[in-house]
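See below for the structure under consideration.
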Amino acid sequence: MNPRLTIATAGRVLSQLRRDPRTIALVLVMPCVLLWLFKEVFSAEPTVFQQLAPALLATFPLMIMFLVTSVAMVRERSGGTLERLLTTPLGKGDLMLGYGIAFGALALVQALAASGVALLLLGLDQPASVPVLLLIAVADAVLGTALGLGVSALAASEFQAVQFMPAVILPQFLLSGLITPTSSMAGWLDAVSHVMPLRYAVDGMSRLAHVATVSATVWWDLGVIAGCAVLALIVGSTTLRRTTA
Amino acid sequence: MAAIDIDQLVVRRRGNTVLDRIDLAVREGSVTALLGPSGSGKTTLLRVLVGAQRTTSGTAHVLGRPAGHAVLRGEIGYTTQVASVYPDLTALENVRYHATLHGAGRAAALAALAKVDLADYADRLVRALSGGQVNRVSLACALVGRPRLLLLDEPTVGLDPVLRRDLWALFRAEASDNGTTLVVSSHVLDEAAHCDRLLLLRDGRLIADDTPAGLLRATAAADLDDAFLTLVTTQEVPA
Chain A
-13 MNPRLTIATA
-3 GRVLSQLRRD
7 PRTIALVLVM
17 PCVLLWLFKE
27 VFSAEPTVFQ
37 QLAPALLATF
47 PLMIMFLVTS
57 VAMVRERSGG
67 TLERLLTTPL
77 GKGDLMLGYG
87 IAFGALALVQ
97 ALAASGVALL
107 LLGLDQPASV
117 PVLLLIAVAD
127 AVLGTALGLG
137 VSALAASEFQ
147 AVQFMPAVIL
157 PQFLLSGLIT
167 PTSSMAGWLD
177 AVSHVMPLRY
187 AVDGMSRLAH
197 VATVSATVWW
207 DLGVIAGCAV
217 LALIVGSTTL
227 RRTTA
Chain B
7 MAAIDIDQLV
17 VRRRGNTVLD
27 RIDLAVREGS
37 VTALLGPSGS
47 GKTTLLRVLV
57 GAQRTTSGTA
67 HVLGRPAGHA
77 VLRGEIGYTT
87 QVASVYPDLT
97 ALENVRYHAT
107 LHGAGRAAAL
117 AALAKVDLAD
127 YADRLVRALS
137 GGQVNRVSLA
147 CALVGRPRLL
157 LLDEPTVGLD
167 PVLRRDLWAL
177 FRAEASDNGT
187 TLVVSSHVLD
197 EAAHCDRLLL
207 LRDGRLIADD
217 TPAGLLRATA
227 AADLDDAFLT
237 LVTTQEVPA
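Residue numbers (this note's numbering), protein chains in the order written: chain A, -13 to 231; chain B, 7 to 245.
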């Protein structure tokens, strides 16, 4: 791996993104609108918004970056650019990390917009630490990027890549504790939820929102998400094959 | 040293023999045309040389190293048949990215675009360019690293005759000025006249390996088209 090539790749991905203002607008505006809608739907019970909005802030980056990255990577694979890149000095790790950095940066802007709207306009209670909240969102986004890169190996087309989103994200969403506490689920489901990275993001965000200080559990949650992201990037890079049949 | 040295190379894919016992040596600094109808194995052979194709048996050496060796990734420029560039970047951004991958900068990228006669289109988005222009952006990406070996898969397909002539002049210049070795695939037979060597593939077999003049003599044909037809007809008699 070579930091210069990693950065060049991240820069290239961001330049491509810059040419697609509609995607940027969707990525930045949609979470804000959904949060507002959520607040309006539960206007009769304001505590529901207070309880669940942090969990939503954890879900958006994972879901959206997964989608954006898996489609971008399917394009690289089917357009022949991936095969070509793998015949150059670019390392597989440079490519994976380049994507991770580019979409991580986008996720940071998204998290700033979504949490800004939630805190300043929608009246979400101040969390224990805004920087830690942003950190969780970015780690979560890099995880989504890494999962998207990996899944792109299984998708033969952009059409299929989109179908993988509910398959990968919805089970995590159901088991994250957002809809019902994991402790009230059947034992085996609770066990499964422990290997679902989104659970830790939801847990971390909720603790930040409802506990006055950044507890050790929040750092543990952040560590688990970051670890899963790195692991997924490593597994994802094994799906990049220089030699094929 | 031979730039390319292939010995009894076999590639089978899902039971089909795509390349059948290929023996081949390409001299450094030469321009070689790899000819054959579509489906004859040209692309597979180029993919073997860049290390993208799994082989069944035999060996392929490139610039003294086994094909696919990590060091070679810095020494080979490769274009695929379908231009593999990013449509949502400008021509210059595409070439600059490849320049960076090969340790070169903006000046090298501009020079490569000038070589393929696209200097005026540097800031155009690739998706706004014509098919022939996109192919040349892809070519510039391969040239920008000043590779020792250029492997070009049908770089002249779909181009008008003037542009084709200019590109062949560029290929010749790369070989004579920089000592670059070029292997250029094509299914247009008359392009073979521009080359030092021609290789004719048919159904995965190498059925001719000669200079254009040598091939005309050997087949007693009036032109290269005739020579190929003669070869193909003789090949149809079971060996």
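Every residue gets a Cβ at the ideal spot worked out from N, C-alpha and C, and that includes glycine.
In angstroms, rounded to a whole number, what distance separates the CA positions of residue i and residue j?
| i | j | result |
| --- | --- | --- |
| Leu51(B) | Val16(B) | 10 Å |
| Pro218(B) | Thr67(A) | 34 Å |
| Arg152(B) | Leu133(A) | 36 Å |
| Val190(B) | Arg8(A) | 40 Å |
| Leu98(A) | Leu120(A) | 7 Å |
| Asp94(B) | Gly130(A) | 23 Å |
| Leu157(B) | Lys48(B) | 11 Å |
| Ala228(B) | Leu222(B) | 7 Å |
| Val204(A) | Ala41(A) | 13 Å |
| Tyr127(B) | Ser29(A) | 55 Å |
| Asp231(B) | Leu195(B) | 6 Å |
| Leu205(B) | Met7(B) | 19 Å |
| Thr187(B) | Gly35(B) | 4 Å |
| Leu140(A) | Phe150(A) | 9 Å |
| Pro(-11)(A) | Gly84(A) | 9 Å |
| Leu53(A) | Ile10(A) | 13 Å |
| Leu108(A) | Pro152(A) | 28 Å |
| Arg18(B) | Leu25(B) | 7 Å |
| Met191(A) | Ile165(A) | 15 Å |
| Leu14(A) | Arg60(B) | 43 Å |
| Arg227(A) | Ala198(A) | 48 Å |
| Gly74(B) | Leu219(A) | 24 Å |
| Leu69(B) | Ser115(A) | 58 Å |
| Pro244(B) | Val56(B) | With a pLDDT of only 48 at Pro244(B), under the threshold of 50, the placement of this residue in the model should not be trusted, and no figure is reported. |
| Gln37(A) | Ser144(B) | 53 Å |
| Gln14(B) | Pro72(B) | 14 Å |
| Ala66(B) | Leu41(B) | 19 Å |
| Arg246(B) | Gly209(A) | Only positions 7 to 245 of chain B appear in this structure, which leaves residue 246(B) out of reach. |
| Asn22(B) | Asp189(A) | 54 Å |
Are any of the Cβ atoms in chain B nearer than 8 Å to that of residue i?
| i | result |
| --- | --- |
| Asp207(A) | no |
| Leu76(A) | yes |
| Ser1(A) | yes |
| Glu69(A) | yes |
| Asp6(A) | yes |
| Arg(-2)(A) | yes |
| Ala231(A) | yes |
| Thr73(A) | yes |
| Arg233(A) | Within the shown structure, residues of chain A are numbered from -13 to 231, placing residue 233(A) beyond reach of any answer. |
Counting only C-beta atoms, is residue i closer than 8 Å to chain A at any point?
| i | result |
| --- | --- |
| Gln59(B) | yes |
| Thr106(B) | yes |
| Tyr127(B) | no |
| Ile28(B) | no |
| Arg19(B) | yes |
| Glu99(B) | yes |
| Ile10(B) | no |
| Gly80(B) | yes |
| Gly111(B) | no |
| Ser90(B) | yes |
| Thr186(B) | no |
Along the chain, where does the alpha helix (DSSP H) containing residue i start, and where does it finish?
| i | result |
| --- | --- |
| Ile211(A) | Ala202 to Ser223 |
| Ser64(A) | Pro32 to Ser64 |
| Ala125(A) | Val116 to Val137 |
| Gly164(B) | Element bounds for Gly164(B): n/a, residue is neither H nor E. |
| Arg70(A) | Thr67 to Leu71 |
| Arg142(B) | Gly137 to Leu149 |
| Gly90(A) | Lys78 to Gly102 |
| Ile165(A) | Ile165(A) -> no alpha helix (DSSP H), and no H or E assigned at all. |
| Leu184(A) | Pro183 to His196 |
| Leu(-9)(A) | Pro(-11) to Arg4 |
| Asp176(A) | Gly173 to Ser179 |
Answer yes or no: do residue i and residue j have a C-beta to C-beta separation smaller than 8 Å?
| i | j | result |
| --- | --- | --- |
| Leu161(A) | Leu175(A) | yes |
| Ala97(B) | Arg130(B) | yes |
| Val181(A) | Val57(A) | no |
| Leu174(B) | Glu197(B) | According to the sequence shown, residue 174(B) is Trp rather than Leu. Their beta carbons are under 8 Å apart, which means Trp174(B) touches Glu197(B) by this criterion. |
| Pro183(A) | Ile211(A) | yes |
| Ala127(A) | Gly90(A) | yes |
Going by the C-beta, is residue i closer than 7 Å to any heavy atom of the ligand ATP?
| i | result |
| --- | --- |
| Gly79(A) | Inclusion of the ligand ATP in the displayed structure is not the case, the ligand content being empty and no account of it being possible. |
Counting along the chain, where does the beta strand (DSSP E) carrying residue i start and finish?
| i | result |
| --- | --- |
| Ala214(B) | Arg211 to Asp216 |
| Arg203(B) | Arg203 to Arg208 |
| Gly83(B) | Ile82 to Thr85 |
| Leu108(A) | Neither: Leu108(A) is in no beta strand (DSSP E) and is coded neither H nor E. |
Minimum length 3: unbroken beta strand (DSSP E) runs contained in the stretch 13 to 67 of chain B:
Correct list: 22 to 33 and 37 to 41.
Could you pull out every unbroken alpha helix (DSSP H) segment of at least 4 residues lying fully inside the stretch 77 to 138 of chain B, listed in chain order?
Note on the stretch 77 to 138 of chain B: whole alpha helix (DSSP H) runs with a minimum of 4 residues are 97 to 107 and 112 to 121, in chain order.
Along the stretch 88 to 103 of chain A, where does the CB come closer than 7 Å to a CB of chain C? Name the residues.
Here the protein chains are A and B, and chain C is not one of them.
Enumerate, from N- to C-terminal direction, the unbroken alpha helix (DSSP H) stretches of 4 or more residues contained entirely within the stretch 166 to 195 of chain B.
167 to 184, all fully within the stretch 166 to 195 of chain B.
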